[in-house]
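J.: Sequence order for the protein chains is A and B. Just so we're aligned, residue 1 is where the first sequence starts under the working numbering, counting upward by one. Just so we're aligned, residue 1 is where the second sequence starts under the working numbering, counting upward by one. One structure follows; several queries about it will come next.
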Amino acid sequence: MPEHIVSRKLYFLICGILLSLTLLTWGVALINLGRWNIVLALAIAFSKATLVALFFMHLRYSPRRTQLTLVAGLFWLGILLLLTMSDYLTR
Amino acid sequence: MSEAHSALAEQFRDLEQQREVASLGMWVFLVTEIMFFGGLFLAYAVARFLHPEAFAEASHHLNVALGGINTAVLIASSLTMALAVHAAQVGQRRALMGFLTLTAALGCVFLLIKGIEYADKFQHHLVPGSAFSFAGPEARPAELFFSLYFAMTGLHALHMVIGVGVVVVLLVRAWKGRYSVQYHIPIEVAGLYWHFVDIIWIFLFPLLYLIDIHH
Numbered sequence: 001m002p003e004h005i006v007s008r009k010l011y012f013l014i015c016g017i018l019l020s021l022t023l024l025t026w027g028v029a030l031i032n033l034g035r036w037n038i039v040l041a042l043a044i045a046f047s048k049a050t051l052v053a054l055f056f057m058h059l060r061y062s063p064r065r066t067q068l069t070l071v072a073g074l075f076w077l078g079i080l081l082l083l084t085m086s087d088y089l090t091r
Numbered sequence: 001m002s003e004a005h006s007a008l009a010e011q012f013r014d015l016e017q018q019r020e021v022a023s024l025g026m027w028v029f030l031v032t033e034i035m036f037f038g039g040l041f042l043a044y045a046v047a048r049f050l051h052p053e054a055f056a057e058a059s060h061h062l063n064v065a066l067g068g069i070n071t072a073v074l075i076a077s078s079l080t081m082a083l084a085v086h087a088a089q090v091g092q093r094r095a096l097m098g099f100l101t102l103t104a105a106l107g108c109v110f111l112l113i114k115g116i117e118y119a120d121k122f123q124h125h126l127v128p129g130s131a132f133s134f135a136g137p138e139a140r141p142a143e144l145f146f147s148l149y150f151a152m153t154g155l156h157a158l159h160m161v162i163g164v165g166v167v168v169v170l171l172v173r174a175w176k177g178r179y180s181v182q183y184h185i186p187i188e189v190a191g192l193y194w195h196f197v198d199i200i201w202i203f204l205f206p207l208l209y210l211i212d213i214h215h
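Structure (structure tokens):
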């Protein structure tokens, strides 16, 4: 797979979106939404992380095996978090 | 067949293959890092679930403005790192050196602000240990919050220190003319690491500083 060169314009655009999402997560945190505060905070953080991985880390243009490596890692992280929390949350 | 590049390791067919393997290797390392930080995030989730009031109150002692500024600083440093990789790809040595310098400088700004925050915690006796003091009945779980705060941000800061060190080494090598359009694997791989450390902070900032400020 030949090296993909991402345009500078796209990098600046992603950076702009990331900064906007930072302001958004800050603003949302000021409003009391009960347990939705943490859900929204995590959703925004996850969106930001996805943008960084896809474009800054070129994951979008990487071979399948690289993408699968990350998915496998996140799968195990999911097991760690979900199984442990399902125990604590249902006691 | 074209002449082999001096940076080509003998086990690889060409630089293209070497680049793909190096990138995959870094991703595998980053997956181990996800599990490394994952354990701390899990500990935080469990402790916060067990002591919601104490964690909310303790988190109010963090400086949201400094944390927010640091988030912006890290995102900007990720942009300059991405632009450094771009400069390396198109063979602009001066731009590469400029962006690497900016990235290292922004990394130092982040660490400086983190240091100011840590110093403030020492002054207000919020560092876990014998000098820790926290008003109210929930002092113990509040101490737990600060233990996790220092463990998570400390481990992240350690990664930043290593990242700045790596970028400085790359800068020196770029200055010596080691990288070209054909060969710039180390810049790309270091970029992956740098962006990963940015992602960790993207999660730390809302979880530690933000989710309870409306209380």
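Ideal placement from N, C-alpha and C gives every residue a C-beta, glycine not left out.
Report the three-state DSSP secondary structure of B/His213 (helix, strand or coil).
T.: A small fix is needed here, since residue 213 of chain B is Ile in this sequence, not His. Looking at B/Ile213 - three-state DSSP - the assignment turns out to be coil, as it is neither helix nor strand.
J.: For B/Val21 and B/Arg173, what's the separation of their Cα atoms in angstroms?
T.: Whole-angstrom Cα-Cα distance: 21 Å.
J.: Apart from the five residues on each side of it in sequence, which residues of its chain come closer than 7 Å, Cβ to Cβ, to B/Ala88?
T.: Only Leu96, Tyr179, His184 and Ile187 meet the Cβ criterion.
J.: Pick helix, strand or coil for B/Arg93, following the three-state DSSP scheme.
T.: Helix at B/Arg93.
J.: Applying the 10 Å Cβ sphere with the 16-neighbour rule, what's the burial state of A/Trp76?
T.: Under this definition A/Trp76 is an exposed residue.
J.: List the residues of chain A whose Cβ lies closer than 7 Å to the Cβ of B/Thr71, in chain order.
T.: Here the neighbours are Thr22.
J.: So which residues of chain B does A/Leu54 contact, with C-beta pairs closer than 9 Å?
T.: Those within 9 Å of A/Leu54 in chain B number zero; the least Cβ separation is about 11 Å.
J.: In terms of residue numbering, what span does the alpha helix (DSSP H) encompassing A/Lys9 cover?
T.: A/Lys9 -> alpha helix (DSSP H) spans Arg8 to Leu30.
J.: Check for me: the alpha helix (DSSP H) holding A/Met85 runs from which residue to which?
T.: Looking at the DSSP string, the run of the alpha helix (DSSP H) that includes A/Met85 is Arg64 to Leu89.
J.: Indicate whether at least one CB of chain B lies closer than 9 Å to the CB of A/Ala72.
T.: Chain B contact via Cβ: present.
J.: Measuring CB atoms only, is the segment 100-119 of chain B touching the segment 68-77 of chain B, in the sense that at least three cross pairs come out at less than 8 Å?
T.: Result yes; three or more Cβ-Cβ pairs closer than 8 Å.
J.: Whose C-alpha, out of B/Leu102, B/Phe55 and B/Phe41, is nearest the C-alpha of B/Glu138?
T.: Ranking the options by Cα distance to B/Glu138, first place goes to B/Phe55.
J.: Can at least three beta-carbon pairs, one atom from the segment 154-173 of chain B and one from the segment 76-86 of chain A, be found at a separation below 8 Å?
T.: Verdict: no, contact absent.
J.: Determine the contact status of B/Leu210 and A/Ala29, defining contact as a CB-CB distance below 9 Å.
T.: Against a cut-off of 9 Å, the Cβ pair of A/Ala29 and B/Leu210 comes out as a contact.
J.: With distance defined between alpha-carbon atoms, name the residue in B/Thr32, B/Met81, B/Arg94 and B/Glu53 nearest to B/Lys176.
T.: Ranking B/Thr32, B/Met81, B/Arg94 and B/Glu53 by Cα distance to B/Lys176 puts B/Arg94 first.
J.: Assuming contact is defined by CB atoms lying nearer than 9 Å, are B/Val31 and A/Thr69 in contact in what I supplied?
T.: A contact, by the Cβ cut-off of 9 Å.
J.: Quick one: what does DSSP say B/His61 is sitting in, helix, strand or coil?
T.: Looking at B/His61 - three-state DSSP - the assignment turns out to be coil, as it is neither helix nor strand.
J.: Can you look up B/His159 in the DSSP assignment and give me helix, strand or coil?
T.: Three-state result, B/His159: helix.
J.: According to the Cβ coordinates, are A/Phe56 and B/Leu79 closer than 9 Å?
T.: It is a contact, given that the beta carbons lie within the stated cut-off.
J.: For B/His125, which residues from the same chain have a beta carbon less than 7 Å from its beta carbon, with the 5 sequence-adjacent residues on both sides left out?
T.: Once the five neighbours on either side are set aside, the close Cβ partners of B/His125 are Ala131, Phe132 and Ser133.
J.: On the three-state DSSP scale, how would you describe B/Met26?
T.: Note: B/Met26 maps to helix in three-state DSSP.
J.: Let me know the secondary structure DSSP gives B/Gln182 once reduced to three states.
T.: Correct three-state label for B/Gln182: coil.
J.: What would DSSP say about B/Leu8, mapped onto helix, strand or coil?
T.: Correct three-state label for B/Leu8: coil.
J.: Which of the three DSSP states, helix, strand or coil, is assigned to B/Pro141?
T.: Here B/Pro141 sits in helix by DSSP.
J.: May I ask you to list, following chain order, the residues of the segment 44-64 of chain B that have a beta carbon less than 7 Å from some beta carbon of chain A?
T.: Listed by position, the residues of the segment 44-64 of chain B near chain A (Cβ gap below 7 Å) are Ala45, Val46 and Phe49.
J.: Between the segment 76-88 of chain A and chain B, which residues of the former have CB atoms less than 7 Å from a CB of the latter, in chain order?
T.: Here the close residues are Trp76, Leu77, Leu80, Leu81, Thr84, Met85 and Tyr88.
J.: Can you check whether the C-beta of B/Trp27 is within less than 9 Å of a C-beta belonging to chain A?
T.: B/Trp27 counts as touching chain A.
J.: At 9 Å on the CB atoms, spell out the chain A contacts of B/Gly68, in chain order.
T.: Result: Thr22, Leu23 and Trp26.
J.: For B/Met1, count neighbouring Cβ atoms within 10 angstroms of its own Cβ and tell me buried if that reaches 16, exposed if not.
T.: Interpretation of B/Met1 is limited by its pLDDT of 48, a score under 50 that renders its predicted location unreliable; the figure taken from the coordinates is listed afterwards. Flag for B/Met1 reads exposed.
J.: Checking contacts by CB at 9 Å: is A/Arg60 closer than that to chain B?
T.: Answer no: the Cβ-Cβ gap between A/Arg60 and chain B never drops below 9 Å.
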